[in-house]
Amino acid sequence: MRRIILLTVIALSILSMSAIAAEPIKIGVNMEMTGAVAAYGQMGWEGLQVASELIPMEVLGRPIELVLVDNKSDRVEAATATTRLIERDKVVAIIGTMTSGNMLAAGAIAENYKVPMIGPSTTNVLVTQGKKFSFRACFRDDYQGQVAARFAYNELGARTAAVLSDINQDYCVALGKEFVNEFKRLGGRIVAEQYVRTGDQDFSAQLTIVKNANPDVLYVPNYYTENALIAIQAKALGIKAPILSGDGADAPELIAIGKDAVEGLMHTAFWHEKAATNELGKQYVEAYRKKFNKEPNAFGVLAADSLLIVIDAIKRAGSTDPVKIRDAMEATKDLDVFTGKVTIQNGDAIKSVVIREVRNGQFDYLTTVHPD
Amino acid sequence: MKQRTHLLLSIASIVLLVAIIWWADGNLNAYYTRIANTAAIYIVAAVSYNLINGTVGALSLGPNGFMALGGYTIALLMLPVMQKQMVFFLEPLIWPFSEFSLPPSLYLVGLIISGIVAAIGAFLIGWPCLRLKGDYLAIATFGFGEIIFVLANNMLFLTNGALGIKGLPELTNLWWSWGMAAATIFLIKNIVNSSYGRAMRAVRDNEVAAEAMGINVTRIKMLAFVTSGFFGGISGALMVMLISTISPTLFMFTMTFNLLIIVVLGGLGSITGAAVTAVLFSVLQEVLRTVESPLNLGFIQWPGIPGMRMVVFSILLILMMLFYRRGLFGSWEFSWEWLLSKLRRKEVPQCQQQTNK
Chain C
1 MRRIILLTVI ALSILSMSAI AAEPIKIGVN MEMTGAVAAY GQMGWEGLQV ASELIPMEVL
61 GRPIELVLVD NKSDRVEAAT ATTRLIERDK VVAIIGTMTS GNMLAAGAIA ENYKVPMIGP
121 STTNVLVTQG KKFSFRACFR DDYQGQVAAR FAYNELGART AAVLSDINQD YCVALGKEFV
181 NEFKRLGGRI VAEQYVRTGD QDFSAQLTIV KNANPDVLYV PNYYTENALI AIQAKALGIK
241 APILSGDGAD APELIAIGKD AVEGLMHTAF WHEKAATNEL GKQYVEAYRK KFNKEPNAFG
301 VLAADSLLIV IDAIKRAGST DPVKIRDAME ATKDLDVFTG KVTIQNGDAI KSVVIREVRN
361 GQFDYLTTVH PD
Chain X
373 MKQRTHLLLS IASIVLLVAI IWWADGNLNA YYTRIANTAA IYIVAAVSYN LINGTVGALS
433 LGPNGFMALG GYTIALLMLP VMQKQMVFFL EPLIWPFSEF SLPPSLYLVG LIISGIVAAI
493 GAFLIGWPCL RLKGDYLAIA TFGFGEIIFV LANNMLFLTN GALGIKGLPE LTNLWWSWGM
553 AAATIFLIKN IVNSSYGRAM RAVRDNEVAA EAMGINVTRI KMLAFVTSGF FGGISGALMV
613 MLISTISPTL FMFTMTFNLL IIVVLGGLGS ITGAAVTAVL FSVLQEVLRT VESPLNLGFI
673 QWPGIPGMRM VVFSILLILM MLFYRRGLFG SWEFSWEWLL SKLRRKEVPQ CQQQTNK
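Heads up: the sequence lines are chains C and X, in that order.
Residue 24 in our numbering sits at position 24 of the first sequence, with consecutive numbering throughout.
Residue 481 in our numbering sits at position 109 of the second sequence, with consecutive numbering throughout.
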């Protein structure tokens, strides 16, 4: 008898809970929570958690609910998860995925359903190319490569450059190629273009070629592990040229592995906490440190940006119709987000690029390059 | 009489399958359709992989390489010319692929060509490797998968490198995937039950004895390898045309690992086992999502831990391996005879189950 009463109470409380609360607006989150690149998804989800504590999780008088699904860093799963979010959870927009490869598969599904999808850190040019419902909260690989080339040519005064990019990563290949194109266009000369592979340990063959070519700057648009090892071995070989990298270098591990060899390494990035001039950015840094007891990272803050972009779009659309939200997202202009201001054009976020330098074993702010 | 009943039953089951697909095509929502498609593609991949690993008993770790070959072939054949120009912006695609693409109506032709390309790959790798045995063969075939991965990353003019290819028409539907699954099961079952199949099993059980009986061991292995490569290529092509994009990371070693789990779990050498486990594998992955979604009962709040389903999945795997050491089905095969005998509540002797059609 007591069991029956208990069950009735439980059933009633569930019913009453759902009756009191207004129907929430669901936003899907499709992240790499497990699998090969789980770190990105987890950082993204952390960013979303911090953001949802900082900003009112309410729009159009209804609460916002984030529905998280894991895609196991797998393309087939990323597509299935997107279908699940749209079909079963009836989400109005999707945040994710973190990596471009998964976004290419998931974006095709979102396009069919006409539900907008925003990838926080999907930098591959192909992600938004020819797509109406695929967005990104970061800048494109080619843009970052161009900025790096301009910075090297104009600010560092480099006239010859060597490029050492990771052929296994779409991100590294695209940055390297665009750097080469832009550097040549500006009038510079590429004296060496070499490739490495993810997981390589020994770069002496490529670096010897670089040393003989004697460039003014060495561009290494790779992830932090390779960058740190390259920096160590370049120093050992006596290469004096400054090393310039992309946002893949943005990890504390770079300094942990590279130690004093990465001192003076510069890289383009999405943001730097010192460059976070607006109130939102400062709040984010503080809240993140407090909640997770570690330094904030770019993946988390970009995911948080994505949430702001989606909520703002729902507000301006004044509706939960995914197509209207998509149109509002495309019309995003000078919106204040955690990393500064963002404008969306053809699905791509137009943002300033921050250039950082490793000084005294820490990432330091060097300068900001604004979009032209 | 027996033959006729079996034929009738086979025809009836085909009609039933067509009816189910016809119903599912119109009534299932896209989410379930996608799971069903994935399941069928895993059937094609697992049943063909089982031919080498189970029937011939040679441990190959290269099916991801075959799938990649098939996947890239179909991508180059089916990608519309306009998309080709857009996607290959780092380095242009080489002639002749840059100039033509097959219309969607010729999907079947594309699939078969993908299978043939993968089969040629299997032949080339099989030629030197199949003389190896045991661990050595495993390492050599593992190397094959890695070589395909490296080539796909570096041949930008053919594969667009690590950037991958996108914008493929989504041609894989329930008809194609389940049609191919049925065709694969039918053809491979017939091969296994033919004299070639018997030779394959002889090779598995005792290579020296088989050779002494006059079986050309390398030739038999090659036959299995090439057949497996052909269907592996088709499964890769189906998968690529389901998710409409391909890049080298799609067919990494984890794919082989998944297939290995499926065939070992189903029972090495059992087509029934491979097919049923392939379906279980794809369905369980989605069903188990419930264990990692947050739960709100009003007074109890369960936050939901991502990755939980993989833990549950692993525990299930361990339990199954503890209690069904030969896999779910061992070397048992489904047959009409077995079904009829079950209906008549009569046991068929063990040895008959293995060989009947």
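Glycine included, each C-beta is placed from N, C-alpha and C at the ideal position.
- Around the Cβ of X/ARG503, a 10 Å sphere holds fewer than 16 other Cβ atoms; the residue is exposed.
- Here C/LEU85 is buried, its C-beta having at least 16 other C-beta atoms within 10 Å.
- For C/LYS282, the enclosing alpha helix (DSSP H) starts and ends at 279-292.
- Runs of the alpha helix (DSSP H) lying entirely within the stretch 682-718 of chain X and spanning at least 4 residues, in chain order: 708-715.
- The beta carbon of C/PRO296 sits closer than 6 Å to those of VAL285 and TYR288, all from its chain and outside the five residues before and after it, given in chain order.
- Rounded to the nearest angstrom, the Cβ distance from C/PRO322 to C/ALA93 is 6 Å, consistent with a contact under 8 Å.
- Secondary-structure assignment with DSSP links C/SER165 through a beta bridge to C/TYR195.
- DSSP places X/PRO500 in the helix class (H, G or I) of the three-state scheme.
- Interface annotation, C/ARG75: in contact with chain X, CB-CB separation under 7 Å.
- Residue environment for X/SER382: exposed (fewer than 16 other C-beta atoms within 10 angstroms of its C-beta).
- Distance from the CA of C/VAL217 to the CA of C/ALA148, rounded to the nearest whole angstrom, comes to 11 Å.
- Identification of residues in the stretch 515-538 of chain X having a C-beta nearer than 7 Å to some C-beta of chain C yields ASN525, ASN526, GLY533, ALA534, LEU535, GLY536 and LYS538, given in sequence order.
- According to the DSSP assignment, C/GLU65 belongs to the beta strand (DSSP E) that extends over 62-70.
- In this structure, DSSP gives C/TYR365 an extended state, which the three-state scheme calls strand.
- Measuring C-alpha to C-alpha distances from C/MET103 to each of X/ILE615, X/MET680 and X/LEU462 identifies X/ILE615 as the nearest.
- Closest option to C/TRP45, judged by alpha-carbon separation, among C/SER306, C/LYS315 and C/VAL310: C/SER306.
- Looking at the DSSP output, C/ILE190 shares a beta bridge with C/ALA161.
- Around the beta carbon of C/ASP348, a 10 Å sphere encloses 16 or more other beta carbons of the protein chains shown; the residue is thus reported as buried.
- For C/VAL69, the neighbours in chain X by C-beta distance under 9 Å run, in chain order, ARG661, GLU664, SER665 and PRO678.
- Ranked by how close their Cα comes to the Cα of X/PRO666, the residues C/ALA38, C/VAL173 and C/ASP70 have C/ASP70 in first place.
- Note that the stretch 617-636 of chain X does not touch the stretch 493-508 of chain X; fewer than 3 beta-carbon pairs, one per stretch, sit closer than 8 Å.
- Taking every protein chain shown into account, the CB of X/GLY482 has 16 or more other CB atoms within 10 angstroms, so this residue is buried.
- Taking a 10 Å sphere around the C-beta of C/ILE309, we find 16 or more other C-beta atoms and assign the residue as buried.
- By the C-beta criterion, the stretch 444-459 of chain X is judged not to be in contact with the stretch 390-407 of chain X, since fewer than 3 inter-stretch pairs fall below 8 Å.
- Taking all protein chains in view, the Cβ of C/LYS315 is surrounded by fewer than 16 other Cβ atoms within 10 Å, so the residue is classified as exposed.
- With a cut-off of 8 Å on Cβ pairs, the stretch 236-256 of chain C is in contact with the stretch 210-226 of chain C, counting three or more such pairs.
- Unbroken beta strand (DSSP E) stretches of 3 residues or longer found wholly inside the stretch 509-559 of chain X: none.
- According to DSSP, residue pairing for C/MET266 in a beta bridge involves C/LEU244 and C/GLU357.
- Of all residues in the stretch 165-185 of chain C, the ones placed with a Cβ closer than 7 Å to any Cβ belonging to chain X are ILE167, ASN168, GLN169, ASP170, VAL173, ALA174 and LYS177, in chain order.
- Residues of chain X whose Cβ lies closer than 7 Å to the Cβ of C/THR34 are, in chain order, PRO678, GLY679 and MET682.
- Within the stretch 407-447 of chain X, no beta strand (DSSP E) run of at least 3 residues lies entirely inside it.
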